[in-house]
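In full-length UniProt numbering, the protein residues as written are 1 to 113.
This report concerns only the one structure given below.
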Amino acid sequence: MSTIDIDAILAQREEATGSADTFSFTFKAKQWTCKDPITAEDGWKDGLLDLETDVEVAEHYLGEDQYSAFVDAGGRAGYVILAINQHMQKMRQETEEGRPTRRSTSSGKRRKR
């Protein structure tokens with residue numbers, strides 16, 4: 001029986017992305033950082049329950065100050081929701097492929113022996 005080593009998974013995520021509980025995306029040539037909905041603190045997740053609009057959700061993920069700067073740069077709440085959806089899709093694909101955070105160095109091609 002194999003065990004799942006959460007410490008190793010979190011360390012691998014942190015090494016690959018720079019953080020175990022955030023992810024980033026690029027908009028207008030700037031890096032924006034969101035909370036990762038999978039590994040975020042329970043209290044932060046509980047805060048999602050009270051949100052009613054995309055703007056509230058985007059602000060919760062980015063934080064008030066960063067969301068304000070994002071909007072000033074021409075961003076919209078829908079763009080943050082799109083980034084979250086893309087992140088979640090990527091995480092599902094990597095999990096299905098047996099890679100919790102990293103891209104394969106073989107780019108999907110079989111290595112020659």
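Yeah, the Cβ is synthetic: ideal placement off N, Cα and C, and Gly gets one too.
When the five nearest sequence neighbours on each side are left out, the beta carbons in the same chain lying within less than 6 Å of the beta carbon of Asp21 are those of Asp36, Thr39 and Ala40, in order along the chain. Counting of Cβ neighbours within 10 angstroms places Ile6 among the exposed residues, the total staying below 16.
The stretch 15-69 contains, as complete alpha helix (DSSP H) runs of 4+ residues, the segments 42-48 and 54-62 (chain order). Shown here, Gly74 sits in coil according to DSSP, grouped into three states, outside any helix or strand. Ile84 and Met1 have their C-alpha atoms some 34 Å from each other.
Just measuring C-alpha positions, the residue of Gly75, Ala8 and Asp42 sitting nearest Gln31 is Gly75. Measuring C-alpha to C-alpha distances from Ser19 to each of Val57, Leu82, Gln66 and Leu10 identifies Leu10 as the nearest. If you draw a straight line from the Cα of Thr53 to the Cα of Gln12, it is about 33 Å long. Around the beta carbon of Glu59, a 10 Å sphere encloses 16 or more other beta carbons of the protein chains shown; the residue is thus reported as buried. About 10 Å separates the Cβ atoms of Ile81 and Val55, ruling out a contact at the 8 Å cut-off.
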